[in-house]
Amino acid sequence: MDLFGRDFIVTQDWSREELEAALDLAAQMKRERFHRRFTKILAHRTFFMFFYNPSVRTRQSFECAATELGGHAQFLQPEGMRLKTATSAGETVEDAARVMSRYAAGIGIRVLEDKVPFYGAGNDLLREYARWATVPIINMADDKYHPCQGMADVMGWAEWFGEGPGRPQYENLRGKNFLLTWASGALARSWCSVQEALLIASRFGMNVTVARPEGYDLDPQVYAWTKANCKASGATFRTVSDSDAGYAGAHVVYSRNWVSPNAYQNGEFKKAAEQQKSASYSGWTTNAERMARTDRGIFTHPMPVDRGLEVTDEVASGSRSAIYDVAENRLHVQKAIMALTMGNIAG
Amino acid sequence: MDLFGRDFIVTQDWSREELEAALDLAAQMKRERFHRRFTKILAHRTFFMFFYNPSVRTRQSFECAATELGGHAQFLQPEGMRLKTATSAGETVEDAARVMSRYAAGIGIRVLEDKVPFYGAGNDLLREYARWATVPIINMADDKYHPCQGMADVMGWAEWFGEGPGRPQYENLRGKNFLLTWASGALARSWCSVQEALLIASRFGMNVTVARPEGYDLDPQVYAWTKANCKASGATFRTVSDSDAGYAGAHVVYSRNWVSPNAYQNGEFKKAAEQQKSASYSGWTTNAERMARTDRGIFTHPMPVDRGLEVTDEVASGSRSAIYDVAENRLHVQKAIMALTMGNIAG
Amino acid sequence: MDLFGRDFIVTQDWSREELEAALDLAAQMKRERFHRRFTKILAHRTFFMFFYNPSVRTRQSFECAATELGGHAQFLQPEGMRLKTATSAGETVEDAARVMSRYAAGIGIRVLEDKVPFYGAGNDLLREYARWATVPIINMADDKYHPCQGMADVMGWAEWFGEGPGRPQYENLRGKNFLLTWASGALARSWCSVQEALLIASRFGMNVTVARPEGYDLDPQVYAWTKANCKASGATFRTVSDSDAGYAGAHVVYSRNWVSPNAYQNGEFKKAAEQQKSASYSGWTTNAERMARTDRGIFTHPMPVDRGLEVTDEVASGSRSAIYDVAENRLHVQKAIMALTMGNIAG
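Protein chains in written order, with the working numbering: chain A, 1 to 347; chain B, 348 to 694; chain C, 695 to 1041.
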């Protein structure tokens, strides 16, 4: 399994075998976190992190990952970069990417929400970097996908349906019921995490239910991929527009607020309008009563959790909440992906 | 002396023996700064630094400390964090602290002045992080305390009354006279450093004099602890409201501007009002004439020094100024505290 | 060749032998980039980077350099520092530099353009830091000089006229023709890079032509040094005010927009006025037709390139463009300079 030099922009770009190779390494790294086998993989190497949008969890976990592999992640904010835009002089992506490839072992990029003018522009930018860079481009969340979150999710679920932390059983996810439900809240979140959740759940053979109010559908391309993934493994895909219907028999419940397909208008991310629209749908909160109707379902969320709106405290902090395990797994999957795509395996 | 996992929020929380263990290790680390005994203690480990308020010295010294212990300090500014507040959606301290405990060996927090709505709110926030985190919380200066400054202070004084850099003699401080004097200036400084100076000086048996204009008293709880510390070692505590009286016979002179107890009003830090109030008291400057009345006293200050107002150049850059030694000691005491509370002693 | 402890503020401060020692080490480090001979030189040491002005390339390459030498570069932005100015209280450079010398192995400073009130004030600030610091001050670009860029330039040219990457032949530059030409564009760039290019080209025996519109001359001191350098090696120096004349017979072509000597007025950097003035001179673009008149000349530029104005895409991305090699060399020369001036050679 030679993944050296590969970009990681969406899980759908990698084969099931490649994803499993990364997940297996991640589990091994979780069990033996500071083993010397792992702490020299990026020795003296640099990983550039480009945060067009701020982030805490993603920055913390990527920078930790580089440190634990013996390397160093540089925290870069492109507002300090003079990149060429339609209206201002500056450096082209070609020049930036070609020079950065001389310095670093890999480049992570985060760009979404108000930093992009239309849905897909963030992902386009990543693809443009990938076109010119000779080192791997790692998606740290764009407007379409968040593959590291998807990997952390499926690893966390497989630990709960396996033998616990660091001992996931991916085969046990096959045929389980995955509910992704839109949730109340005012955070106007973009689609990257939930879309990756659909892709990865379906990739691992889960039956997928998307519950959302009318007018909150996700990217048709992601639905199409999800359906194809389900079909390939004999699983089912459905959408429901009722806030209650999806819980019955669910094994994994994922609730999160997200914006409507109209979030971008005239080159702008209309956050306030989305917050207002979202406020007109109440009752989309995961609570204990709903969880009781699942098949001993676990609760999952990519965090930060909007407690009281997306989910009650009782569920988020409850005994069937996987949120902290999933968050921890961000570290381990990212270490594995960095090791495989840019690691100095020879030492 | 097992300090692994302990928080360090105020020196008063630690026993005299525990403080001395840290100080002894700090002196050893100063004498043998890059010895391999010390450079693997945090190997591949991460220390999170949360700067609600900016800082140069604290950031430099903590980040150096992590590097010298073989680890890495992440510089994090919470304005990039979506933390829940009374009026905005975001992540709870519970969630933030529990996830960060999965990534890092420890967490440092700095929060004071304009970033808190009332005196004590900063310290409350640290205690809330400490409640949920399963790794040590290190106070990098809150609105009440600055324990790492206090440790650097006492180490510096004990070096001057001992055998020089890296060879402090703490017993020699017993019975010495410590003058903490309010000073002119427009920096509207908070109380954390001076309060820690009172606590640590009294803890090590010094006679304490606080000189300040009427209306500039510090936290009654700190005065009470200081008096109790003095009483326990047979030392004295007094306050004077004259800018001259305290110098006679002093062995250590600490002058610094600080705000009045009315600095917070209606949830805001009234910096301009405090600067104006401060300007009405002149002549509170440490100068050579005053130092001449001490018992060969040394001058100490946590820096940055407001030269010309808090102290004259002649004294600050003079042969009895301990300011650079104390500043250097920030590095060594922080290394020792990090090593003891979060160090991978087993290698 | 003992360069330990030396500042690096302008190449002219170092002897030809000292510059060559650094360049030789840089080439060796390029050929054997992660060799263990180099990866412990700054083990556990800290390098402070002070960015008064933002920068991408400089920050990336210095931070990489520290990492590859086993150390750590702290990214510091002085807006977070309370430094004393004419109108505000704060810390003196004396105090800042003396304390930082206790923490770090060296200090890099970048200060130019809108962060200085008049031409030369940035360089003055570096000299003031150098006066007080007991560790090396490395110029990361001030308003006068950019010595690390100059070193990367000459290394890149000597690779092209030598045996390729990592195998420069400096003697082959002797007698070659170097064209520095002002270029169209709206980036209002300061003089540091182009002035260093004049100094270093003349230092290595090249014949120098400066082409610029009337009113765009550079610092007379730099012209004087350049002439003296040329004279010492029997080379020639001339200025021309025609956008075409300099290309004939050139071996190295360096085109770049820069501001006029009137850029600073009344304590301010008049960027808009300079952009407007620059716009009145068109046709100063390096293109294939002009390059065809050189003696198989290479194209060089310190980046970021303002494509279409300073140079056409055809030349910038063409087979005789040295821009990426020069950019890469920033890393290698900086590693060499840091190793020689602050390296823990004893391990």
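C-beta atoms are modelled at their ideal positions from N, C-alpha and C, and glycine is treated no differently.
Does the distance from the CB of residue 404/B to the CB of residue 677/B come in under 8 Å?
Yes. Within cutoff.
In terms of residues, what are the limits of the alpha helix (DSSP H) holding residue 155/A?
147-160
Evaluate contact between the region 236-251 of chain A and the region 193-208 of chain A, counting only Cβ atoms and requiring at least three cross-stretch pairs below 8 Å.
The region 236-251 of chain A makes contact with the region 193-208 of chain A, as at least three CB pairs between them are under 8 Å.
Go through its chain and collect everything with a Cβ distance to residue 23/A's Cβ below 6 Å, but skip five positions before and after it.
155
Thinking C-alpha only, which one of 832/C, 981/C and 821/C is nearest residue 937/C?
981/C
Mind checking the region 791-819 of chain C against chain B and listing, in chain order, the residues whose C-beta falls within less than 8 Å of any C-beta there?
792, 793, 794, 796, 797 and 798
Where does residue 455/B sit, in a helix, a strand or coil, going by DSSP?
strand
Secondary structure of residue 350/A, DSSP reduced to three states
Because chain A is modelled from 1 through 347, residue 350/A falls outside the range shown and cannot be assessed.
Would you say residue 74/A faces chain C, with C-beta separation under 8 Å as the test?
yes
When the Cα of residue 358/B is compared with those of 627/B, 555/B and 488/B, which residue comes out closest?
For the residues 627/B, 555/B and 488/B, the minimum Cα distance to residue 358/B belongs to 488/B.
Would residue 675/B be called buried (16 or more neighbouring beta carbons within 10 Å of its own) or exposed?
buried
Can you find a CB in chain B that lies within less than 8 Å of the CB of residue 698/C?
Answer no: the Cβ-Cβ gap between residue 698/C and chain B never drops below 8 Å.
Got a sec, what are the start and stop residues for the beta strand (DSSP E) residue 547/B sits in?
Counting along the chain, residue 547/B falls outside any beta strand (DSSP E), though it belongs to the alpha helix (DSSP H) covering 539-550.
What would DSSP say about residue 950/C, mapped onto helix, strand or coil?
strand
Starting from the Cα of residue 967/C, find the closest Cα among 837/C, 883/C and 1017/C and give me that residue.
883/C
Any contact between the region 408-426 of chain B and the region 712-730 of chain C? By contact I mean 3 or more CB pairs, one from each, below 8 Å.
no
What did DSSP end up calling residue 296/A once you bin it into helix, strand or coil?
DSSP places residue 296/A in coil when its eight states are reduced to three.
Take residue 969/C and list the residues in its own chain whose beta-carbon comes closer than 6 Å to its own, dropping the five residues that flank it on each side.
880 and 882
CA-CA distance, residue 166/A and residue 30/A?
5 Å
Contact between the region 331-338 of chain A and the region 170-185 of chain A: three or more CB pairs below 8 Å?
Touching, no.
Where does residue 51/A fall in DSSP's three states?
strand
Rounded to a whole number of angstroms, what is the C-alpha to C-alpha distance between residue 949/C and residue 543/B?
Spanning the two alpha carbons is a distance of roughly 58 Å.
Of all Cβ atoms in chain A, is any one closer than 8 Å to the Cβ of residue 386/B?
no
Locate the beta strand (DSSP E) running through residue 595/B, then write down its first and last residues.
Where residue 595/B is concerned, there is no enclosing beta strand (DSSP E), given that its DSSP letter is neither H nor E.
If I measure Cβ to Cβ from residue 246/A and keep anything under 7 Å in the same chain, skipping five residues before and after, which residues do I get?
179, 181, 209, 211 and 240
Taking any Cβ of chain A, which residues in the region 481-509 of chain B have a Cβ under 8 Å from it, in chain order?
none
Under 8 Å between the Cβ atoms of residue 737/C and residue 765/C?
The Cβ atoms of residue 737/C and residue 765/C lie closer than 8 Å to each other.
Within 8 Å (strictly less), CB to CB, does residue 128/A reach chain F?
In the structure shown, chain F cannot be found, because the protein chains are A, B and C.
For residue 397/B, verify whether its CB is less than 7 Å away from any heavy atom of the ligand FMN.
By its list of ligands, the structure shown contains no ligand whatsoever, and the ligand FMN lies outside what it can speak to.
Backbone CA spacing between residue 268/A and residue 566/B [nearest angstrom]:
50 Å
Does the region 117-137 of chain A come into contact with the region 287-303 of chain A, if we say contact requires no fewer than three beta-carbon pairs (one atom in each stretch) closer than 8 Å?
no
Exposed or buried, which one is residue 695/C when buried takes at least 16 other CB atoms within 10 Å?
exposed
Under 8 Å between beta-carbons, which chain B residues line up against residue 174/A? List them in chain order, please.
Per Cβ cutoff of 8 Å: no residues; residue 174/A is ~28 Å from chain B at best.
Would you tell me roughly how many angstroms separate the C-alpha atoms of residue 315/A and residue 423/B, rounded to the nearest one?
Their backbone Cα atoms lie some 29 Å apart in a straight line.
For residue 558/B, which residues does DSSP report across the bridge?
528/B and 587/B
Cβ of residue 147/A within 8 Å of Cβ of residue 4/A?
No, Cβ-Cβ distance for residue 147/A and residue 4/A is not below 8 Å.
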